[in-house]
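The next block holds one structure in the form of structure tokens; read it before the comments.
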Amino acid sequence: MGIVLGANIGTTVSSQILALDISKYSPIFLVIGFMMLFLANAHVLFNVIGVLLFVWTIPIFEKLFNYLKEIIKKGLIINRLIINPSPVKKKNFFN
Numbered sequence: 008m009g010i011v012l013g014a015n016i017g018t019t020v021s022s023q024i025l026a027l028d029i030s031k032y033s034p035i036f037l038v039i040g041f042m043m044l045f046l047a048n049a050h051v052l053f054n055v056i057g058v059l060l061f062v063w064t065i066p067i068f069e070k071l072f073n074y075l076k077e078i079i080k081k082g083l084i085i086n087r088l089i090i091n092p093s094p095v096k097k098k099n100f101f102n
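Residue 67 in our numbering sits at position 60 of the sequence shown; the count goes up by one each step and never skips.
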């Protein structure tokens, strides 16, 4: 019910504003509209640049992970320290 009322109120307010004589305030509304348009375009541009930078770094991270994988396979890093840091089995309450 709230959505229906909200839609009706929004439509009513919009038509009431347009019915008023706002010609002397129109330059203010134009400036506000252009500012909002500029900010929206800047936001989209910011998001596009962020995505492009992320996509650009994917091959770098892929090479890094492949290099680390090869180091682990060759045994240059002791596998036991990575997989099982404690060689002694610890006793707990259940065993």
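C-beta: ideal position from N, C-alpha, C; glycine also.
Consult DSSP for residue i and reduce its assignment to one of helix, strand or coil.
{"i": "I78", "result": "helix"}
{"i": "I29", "result": "coil"}
{"i": "V38", "result": "helix"}
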